[in-house]
Each structure stands twice: as structure tokens, then as C-alpha cells.
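Chains as they are written, first to last, in the numbering used here: chain A, 48 to 503; chain B, 48 to 503. Even glycine gets a Cβ: it sits at the ideal position worked out from N, Cα and C. Contents: one structure, followed by commentary.
Protein chains: 2
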Amino acid sequence: MNCRHLLLAVCCLLSLEAQSQDSVMFRRISDEIMLRGTCYENLRVLCKQIGHRLSGSPAAARAVDWGFDALKDAGAEKVWLQPVDVPHWVRGKESLKLRLDPKNGFEEVPMLSLGNAVGTDGKVLEGDIVMVTTFDEFKALKDEEVRDRIIFINHRFPQEMINTFEGYGAAGPYRWMGPNMAAGRKAAGVIIRSISTGIDDAPHTGSLRYADTVKPIPAIAIGNMTADRLEAALKKGIAAKARIQSTARMLGTARSYNVIGEIKGTEYPDQIVLVGGHLDSWDVGEGAHDDGAGCVQSIEVIRTLKALGIRPKRTVRAVLFMNEENGLRGGYAYNDSAVANNEKHILALESDAGGFSPRGIGLAMERPRREFIQSFRHLFLPYGVYDFEQEEGGADISPLQRRGVPVSGLIPDPQRYFDLHHTPNDVFERVNHRELKLGAVAMAQLVYLITQYGLK
Amino acid sequence: MNCRHLLLAVCCLLSLEAQSQDSVMFRRISDEIMLRGTCYENLRVLCKQIGHRLSGSPAAARAVDWGFDALKDAGAEKVWLQPVDVPHWVRGKESLKLRLDPKNGFEEVPMLSLGNAVGTDGKVLEGDIVMVTTFDEFKALKDEEVRDRIIFINHRFPQEMINTFEGYGAAGPYRWMGPNMAAGRKAAGVIIRSISTGIDDAPHTGSLRYADTVKPIPAIAIGNMTADRLEAALKKGIAAKARIQSTARMLGTARSYNVIGEIKGTEYPDQIVLVGGHLDSWDVGEGAHDDGAGCVQSIEVIRTLKALGIRPKRTVRAVLFMNEENGLRGGYAYNDSAVANNEKHILALESDAGGFSPRGIGLAMERPRREFIQSFRHLFLPYGVYDFEQEEGGADISPLQRRGVPVSGLIPDPQRYFDLHHTPNDVFERVNHRELKLGAVAMAQLVYLITQYGLK
Numbered sequence: 048m049n050c051r052h053l054l055l056a057v058c059c060l061l062s063l064e065a066q067s068q069d070s071v072m073f074r075r076i077s078d079e080i081m082l083r084g085t086c087y088e089n090l091r092v093l094c095k096q097i098g099h100r101l102s103g104s105p106a107a108a109r110a111v112d113w114g115f116d117a118l119k120d121a122g123a124e125k126v127w128l129q130p131v132d133v134p135h136w137v138r139g140k141e142s143l144k145l146r147l148d149p150k151n152g153f154e155e156v157p158m159l160s161l162g163n164a165v166g167t168d169g170k171v172l173e174g175d176i177v178m179v180t181t182f183d184e185f186k187a188l189k190d191e192e193v194r195d196r197i198i199f200i201n202h203r204f205p206q207e208m209i210n211t212f213e214g215y216g217a218a219g220p221y222r223w224m225g226p227n228m229a230a231g232r233k234a235a236g237v238i239i240r241s242i243s244t245g246i247d248d249a250p251h252t253g254s255l256r257y258a259d260t261v262k263p264i265p266a267i268a269i270g271n272m273t274a275d276r277l278e279a280a281l282k283k284g285i286a287a288k289a290r291i292q293s294t295a296r297m298l299g300t301a302r303s304y305n306v307i308g309e310i311k312g313t314e315y316p317d318q319i320v321l322v323g324g325h326l327d328s329w330d331v332g333e334g335a336h337d338d339g340a341g342c343v344q345s346i347e348v349i350r351t352l353k354a355l356g357i358r359p360k361r362t363v364r365a366v367l368f369m370n371e372e373n374g375l376r377g378g379y380a381y382n383d384s385a386v387a388n389n390e391k392h393i394l395a396l397e398s399d400a401g402g403f404s405p406r407g408i409g410l411a412m413e414r415p416r417r418e419f420i421q422s423f424r425h426l427f428l429p430y431g432v433y434d435f436e437q438e439e440g441g442a443d444i445s446p447l448q449r450r451g452v453p454v455s456g457l458i459p460d461p462q463r464y465f466d467l468h469h470t471p472n473d474v475f476e477r478v479n480h481r482e483l484k485l486g487a488v489a490m491a492q493l494v495y496l497i498t499q500y501g502l503k
Numbered sequence: 048m049n050c051r052h053l054l055l056a057v058c059c060l061l062s063l064e065a066q067s068q069d070s071v072m073f074r075r076i077s078d079e080i081m082l083r084g085t086c087y088e089n090l091r092v093l094c095k096q097i098g099h100r101l102s103g104s105p106a107a108a109r110a111v112d113w114g115f116d117a118l119k120d121a122g123a124e125k126v127w128l129q130p131v132d133v134p135h136w137v138r139g140k141e142s143l144k145l146r147l148d149p150k151n152g153f154e155e156v157p158m159l160s161l162g163n164a165v166g167t168d169g170k171v172l173e174g175d176i177v178m179v180t181t182f183d184e185f186k187a188l189k190d191e192e193v194r195d196r197i198i199f200i201n202h203r204f205p206q207e208m209i210n211t212f213e214g215y216g217a218a219g220p221y222r223w224m225g226p227n228m229a230a231g232r233k234a235a236g237v238i239i240r241s242i243s244t245g246i247d248d249a250p251h252t253g254s255l256r257y258a259d260t261v262k263p264i265p266a267i268a269i270g271n272m273t274a275d276r277l278e279a280a281l282k283k284g285i286a287a288k289a290r291i292q293s294t295a296r297m298l299g300t301a302r303s304y305n306v307i308g309e310i311k312g313t314e315y316p317d318q319i320v321l322v323g324g325h326l327d328s329w330d331v332g333e334g335a336h337d338d339g340a341g342c343v344q345s346i347e348v349i350r351t352l353k354a355l356g357i358r359p360k361r362t363v364r365a366v367l368f369m370n371e372e373n374g375l376r377g378g379y380a381y382n383d384s385a386v387a388n389n390e391k392h393i394l395a396l397e398s399d400a401g402g403f404s405p406r407g408i409g410l411a412m413e414r415p416r417r418e419f420i421q422s423f424r425h426l427f428l429p430y431g432v433y434d435f436e437q438e439e440g441g442a443d444i445s446p447l448q449r450r451g452v453p454v455s456g457l458i459p460d461p462q463r464y465f466d467l468h469h470t471p472n473d474v475f476e477r478v479n480h481r482e483l484k485l486g487a488v489a490m491a492q493l494v495y496l497i498t499q500y501g502l503k
């Protein structure tokens, strides 16, 4: 063995030793969370004592207080509130009645206004229903077929896509953009088939955007079963009608906050590793998977580091973002502050895809960094985390991403998310304790690695 | 390019072409099941119209009829019943009352007798409770500390194990063997902490064995919350007492059946690829995950091949086994028949780990065969199936395995199974339609490959 070989062998051994230490730390992190984790009980409190918490609502304000205390309890060395001005939309009272058969009268069906939609000022808006299944079909309608009609956008969630987030990407624009297109052509209102993998009748809310140039019109979602019935009636040539009544309205802007907790790094305190989720939710259900899960998992990362006595070399910051659902103002405010304070984020990791068993970690960053994280794949594999190929981050960290910050997103099993997302069924009982904790394990493990090794 | 290189290139191209065809067929199988699959509706009928179906019960007999019809409807070319004589155990009436505080009286708590356990002939069995947490602790007890006492086996499910089936393997013996050990030392009865990952109070039944040399004693399971309370009382030094009352008894043997459906292979009809689950369940809940899921997925494999017009080169046989839970008689009867008829099974695949999102396929077979299947891993990856390293089959196919038949087991996500397993909560509502179907996709894909290529 010559000197170079000896050096190589020593390097090899040192690297193996480091890997073995990381593997031991991964196990300690996992044991700590699976045996003594508090994220599930935290989620119970958030869901059951506060409940849903749309931006600007009194519940959202209570959630901010809760988040502050929870981060303190977890052992964050510094916890603070970062002001965010958020849109304050209220659903008010709302109903949809359909006449699916001229022989019968109108019947009330389950519905939810889309978020940020206008209402009818409480008056009854009655109109004939015209169905389209695609944007092309809508464009092919003559103006007189759209004007004053209620457009039923009957686009189905593509169930054949194994990654339901791809399906959401494909079907989602019918919710985000469809109402605006109909408004631009003077339709009276819009009913959409919910963006839903569910085989039930739960309506799914979610945000829409009106362009400044159009006069907003009411836009509501119905569940898949009601949509099936409406579709069947229209296909039979029945002249179906709808009566929409809603007091939904935008109240203006309210002061709210991102909640931030931090453990200062011992060697490179200026390098920040961010882990987060969003604290606001839609105003139905309990925002359990979306995104109570991401919040309590982020808090668990802080708690775990403290509980294990890990002093991270780099700063770890847990951020509970406000207003992901209908404005993303929290994400922008955080980024603005980071710019103003010249903060250096070396990685931002978000969990906002549900509290389901983790399968992977998305990596949206330059190739060498992605490959560096991928080189630890074997350490994650015993924890069921195998997929490091997706280039996903999260909505709240997308403003950071656009400035070049490497971002990352927890990838849980996606099969159930769009059954529950934005519905009254997104409640604590639909979250499994072990799945939720295992997601926190993967997040804490990644945060540990990056605080330890950096991400050059 | 010389001749050899040319030959190599042609072989390469042919192989790529085959892989690409397989990839197309994988997609067709997936689309067929995700868009038009019937397994979820089949499971609804099995769970809601028949319900739980312990071996020997009238419901099990109805399940046999249902299975026969379902396999016919799926398009099996031949469907038959294979006689199996099964133990017929009945739970009868049962209750457990605990006195956790001498100041208070006895209170009734949720409980389930373990399967195959004896009862008290309806009389009250009252006794002092002695707690042990491990076999070693039990062995260390003096004989007079065991005799006539009710032994509380308080062994916790190891929540830190990520693969809960490993946890079940570690904790399960306390249920299977614990009561027999206590009976051998003249205890009066046994109470076990359920083999459960649940953080609720659901008791989990499951089978036990008494040796022929011991006089059987009653053995019951309590949920984790009751077990926590009992543990706390005993740790405080309280002289806790139990009153067990049960009419559980073994009635003898009943005639039942495995249900088998088949599509004959076009080129190698004598080579059988088996896919199966078990039709019986415990007598609580609806046997939805355990193992209604495996049954309807196996039926879905047959339906999918027919619906896609695939004529398999080798014979595909779906088997709904009877009596996995408390005797495995169906598995033995099937194997005996296979031996008697000199049948050649080239692969047996079982789904008996729940209708959750698939993560892998266990391969218990000789290395070259395992490596052959592993060589298709990349085809499965887009469907979330990545783990081909575990050497798992299934209980019903274990008699085949012992004769050298290559066996395989679907590996779904394991986080939720032992919350529900053998409890009243294992009901249809706890199965997600997409997860169930995705499991069937992986099974149909593997079956397709092996019918196409064999498994030498």
C-alpha cells in the first residue's frame, strides 16, 4: 500500500464512519418521534380546540397564538410573529338548488362557494345550466349560449394518474381559471364539478382568481355524486336550472402573522435551514391534512432536535405560514423580510401534501445540490422514503425558490389527499398517528443532515 | 460493426422493444383498474351484505357463494369450490369487569376473547391480577404467584419499528403463546394487552394455541387505553381483580370451501400462477382489510385480464382461501389437492396485509428467480412499487412454499394495519378506493409478467 492508497483508505473509513454515525442519528430521530412525538396530540388541539382557520378569521388569530405557544413548548430558543396583511373573505350563508327534472321542483344539494368568490348579496340567482367538460368546449360555445347562463364545468379528476398531484395539476385550472373565463363572457354564474378523487358527494372549495377586467360572478363547487346526476340530466336533454343564493364576500384586508421559531446554529448561525407548513386553512373541516399536518410536523422537528440534545451547526427555523390558501401573502411576506434582512437560506423544506406515510422528498434545486441530497438516499430507505426524483417544493416557499433558494417538499403517499382536500371531511380523525409522525421523521432527518453538512 | 456486435445490437433492441411493450401493458392494466375497476364495489358488497365471516359461520357460507358468483362475473372461465373442513369456534357472550380501585366496584371494559379460546361456561371467573411485561418476567414468577391468578400480559407493540409487521412478529408471540404458558402453570385466566399500534381502546382478537398437554384457560384481549389504566393501578400497588365471563367454545369441525377461479393458459396451461387472499375473517368488524381486500383484488386480476382481452400464456388462478385466521385449513387443503393432482405452480402471490397503497412485492424464492422479478423493478416504479427486497409470501400459500413453490406477497403501506387488524374497526369505510385498486394494479402487473415470461 503506498501513501496515496493509505490516504484513500483513511478517507473511505472516515466517510463510512460518518455515514454510520448518520445512520445512528437517523434511528435516534425516528425512535424519539415514533415513541415520544407530540405532533399528533398537537394536531388534535389545533383541529379540535381551534378548528378551521381561514385567513383573517378569529380562529386564524387563535391559531397564531397556539402556534407561538407550541413552538415555545417544543423548545425553540426564539419565537416571533411576522406581520402579514391577508385578504379576509367570508363564506356567509349559501345554498344551491337544482331542478333536474321539470316535473319536480328545485332540490337543495350539497355545495360550497369557491374561495374568494362573490356571492349574490343573498338574492336568488336563477339560470339555465349549460354544461362543458373542457376549455375547448367552452370556447366553442356561442356568446348567446354563455350570456346569462350558469355554466356547469364538468371536468373530471383524472383518476388514472397514480400521482394525484399531477391529476390536480391537470384538473385544477378548471377551478382556478374557469369562473373567470365564464365571467369574461357574461355568464351569470359557474358551477364546477369539484376537483376531487372522492366517490362521494363532498363539495371541495379552493381558490379562484378573477381578472381585474371582468365583473366577478358567483362560482360554486358540487360533489361528484351531484355532478353525476346533473350530467345525466343534461345528457338526457333536460333543461336543468339552478338557483344560487350566497352572501359570500371579500371584507378587505386583515392583519395576521407568520409564526416563526428558531434554534440558532452553533458554527454557521447565518445559514438558515427552514422547515414549514401553513397555518391557515379553508373554512370547512379542520384543515387537518391541509395543512395542520405540516405545521405540527415542523414543530416536531424543533422539539426532536432539542429532546435529543442536538446542537445544530446551522440555524433551524420552523415557519408556520399564514394565508397559503387564498393569497400566499405569508410566503411573500417571509421572503420580503428575508431579502430585507439579507438572510441566507440554504434550504427550505415544506410539508403541505397531507399527513400520510412519506414516500419521498422533492428536490427543486441545482443538480449538484440535488445529487448531494440524493447521495443519502440509502439512509432514508429504512424509513420508507425512496423517491428523491421529483422537483417539488411548496407554495409558501415558492417566493424563496424564485430567488434561487434550494427548496424541498415532503412527498407523502398521495392516494387519499384529494378525497379530503378542501372539504368538511379534512378532520383530525382522518389523520393516522403513525403516518403523521413518520412524515416528521423524514423532515427531521433531512434537516439534521443539512444542518450538519450544509448544502453547497 | 462485426456480426457479433450486430447480433448484440439486435438482441438489445428486441429486449428494449419487449420492455416497452410491457410498459404499455402495465399502463393499460393500471388504467383499466383505476378507471373501471370493480374491486371496491365488490368489497362493499362483501363487507356490507355479508359482513364478518368466521370459518364455519353461516356468513362464511354466504361468502363462499358470493365469491363463486364474483369470480364468474369477473370472467373466470372455470370456477369451483374446493372442500375444506374447518374449526368452528364461537365467541358467544362475553364480558370483562375490572376492579382497579378497591374503593370502587367492578367496571365493565371493552374486551374480546382470543380466537379458539375456551370460555367460562358462562360462569363468573374472578381472580387477582398479576402483571408481566415479558416472557422472562413470567418465567421469573414463582408457581404460587401464577396458580389461580389471572395473568395480565402487558407487552407493548414496539411502535418504533417502521415496518409494523416486524413489530407484530415481535409482540405477536405474547398472544399466540402467552395463554398456553400461563395455562401450563395453572393460572386461572389470561388478559393480554392487545397486539395493537392503536392509541384507542379497541381490543384486538386473534388466534392462540393451547398445547395438548395443558388444560385450556380463558384468554382475552383488552385495548391499549384499558391496559394503560390497569398497568397504572398495578404499578401503584393496587390489588386489582378481574371477573371474566364467557360462553366462547369450539363447536367442532364444519364443512367449508376454498373458492377458485381460473383462466387457462394458451401456451403452457399446466403452469399455474396463483393469486389469492383469504375469505374468512374474525367475527368482529367486517374483515375489510383482513382480508376482504386480498379477495377482491385477486378477483380484480381475473377481471382485468378478461376486460383487456389478454390471453395469458400460462394459467392464472385466483384462490379465495378459507380459514386463514384460526386454522389455515384452506391453505393446507389447497396444497394437498395440488400435490394429489400433480399441479405445477410457478408462482403464488398473496395479498393479506391490507388494502393500503402498495409499496413493494415480497419475493420468497431462490435467488435467480428473485433477481429475474427484480429486473422488472423499473416498470413498477411509476406505480409506487419499489421494494422487492423483502422475502415475504403469505400464510395461505406457506404450505406451497414449504414444497418449494416460489411465493410472493403484496406489501402495502404498513402504518395503519395494526390499528385495525382483528378489531371491530376493520370495516369498509376504512379502505380507500384508490389504495385498494392500486394494490390490485401491482398484483395484475406481476401476474401478467409471470404468465408472459414464466419463472424458471
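- For B/Thr300, the secondary structure class from DSSP, reduced to helix, strand or coil, is strand.
- Residues of chain B with a Cβ closer than 7 Å to the Cβ of A/Pro429 are, in chain order, Ile209.
- Runs of the alpha helix (DSSP H) lying entirely within the stretch 399 to 449 of chain A and spanning at least 4 residues, in chain order: 414 to 421, 424 to 427 and 445 to 449.
- Taking a cut-off of 8 Å for Cβ pairs, the stretch 344 to 355 of chain A and the stretch 383 to 394 of chain A do not touch, as fewer than three such pairs fall below it.
- The alpha helix (DSSP H) runs of length 4 or more contained entirely in the stretch 112 to 182 of chain B do not exist; there are none.
- Its Cα nearest to that of B/Arg74, the residue A/Ile209 stands out among A/Thr181, A/Ser160 and A/Ile209.
- Interface with chain B (8 Å Cβ-Cβ cutoff): A/Tyr433 is included.
- In the three-state reduction of the DSSP assignment, B/Gly456 falls in the strand class.
- Within the same chain, Cβ atoms closer than 6 Å to the Cβ of A/Met272 are found at Asp248, the five residues on either side in sequence being excluded.
- By the rule that beta-carbons nearer than 8 Å mark a contact, B/Arg481 touches chain A.
- Listed in chain order, the alpha helix (DSSP H) runs fully inside the stretch 264 to 342 of chain A are 271 to 282, counting runs of at least 4 residues.
- Within the same chain, Leu118, Ala123, Val126, Ile349 and Ala365 come within 6 Å of B/Gly308 by CB-CB distance, once the 5 residues on both sides are set aside.
- Boundaries of the alpha helix (DSSP H) harbouring B/His480: His480 to Tyr500, taken from the DSSP string.
- Excluding five sequence positions before and after B/Tyr87, the CB atoms of its chain that fall closer than 6 Å to its own CB belong to His480 and Leu483, given in chain order.
- Here B/Ile200 carries a strand assignment [DSSP, helix/strand/coil].
- Neighbours of B/Arg463 across chain A, judged by C-beta separation under 8 Å: Asn479, Arg481 and Glu482.
- Taken atom to atom, the span from the alpha-carbon of A/Lys311 to that of A/Leu496 is near 16 Å.
- Beta-bridge partners of A/Phe368 (DSSP): A/His325.
- Per DSSP, the beta bridge partners of B/Leu396 are B/Val322 and B/Ser455.
- The alpha-carbon separation between A/Asp175 and A/Leu143 amounts to approximately 13 Å.
- Sorting B/Gln499, B/Ala491 and B/Tyr500 by C-alpha distance to the C-alpha of B/Ser77 places B/Ala491 at the top.
- At least 8 Å separates the beta-carbon of B/Ile408 from that of B/Ser345.
- Residues of the stretch 407 to 426 of chain A with a C-beta atom less than 7 Å from some C-beta of chain B do not occur.
- The C-beta distance from B/Met369 to B/Val131 rounds to 5 Å, short enough to fall under 8 Å.
- The three-state reading of DSSP puts B/Val237 in strand, counting E and B together.
- Assignment of A/Ser254 by DSSP, reduced to helix, strand and coil, places it in the strand class.
- DSSP, read as helix, strand or coil, puts A/Arg361 in strand.
- Annotated three-state conformation of A/Lys186 is helix, per DSSP.
- Shown in chain order are the members of the stretch 70 to 82 of chain B whose Cβ falls below 8 Å from a Cβ of chain A: Ser77, Asp78, Met81 and Leu82.
- The beta carbon of A/Val343 sits closer than 6 Å to the beta carbons of Cys86, Asn89 and Leu90 from its chain, once the five residues preceding and following it are set aside; these are given in chain order.
- When 7 Å is used as the limit between beta carbons, B/Ile246 is near these residues of chain A: His480, in chain order.
- For A/His202, same chain residues with a beta-carbon under 7 Å away, outside a window of 5 residues either side, are Thr180, Thr181, Ala218, Tyr221 and Arg240 in chain order.
- With a threshold of 8 Å between beta carbons, B/Ser328 makes no contact with chain A.
- At a Cβ-Cβ threshold of 8 Å, B/Thr260 and B/Ser160 do not count as neighbours.
- Around the beta carbon of B/Gln68, fewer than 16 other beta carbons sit within 10 angstroms, so the residue counts as exposed.
- Of all alpha-carbon atoms in A/Arg194, A/Val156 and A/Arg463, the one lying nearest the alpha-carbon of A/Arg276 is that of A/Val156.
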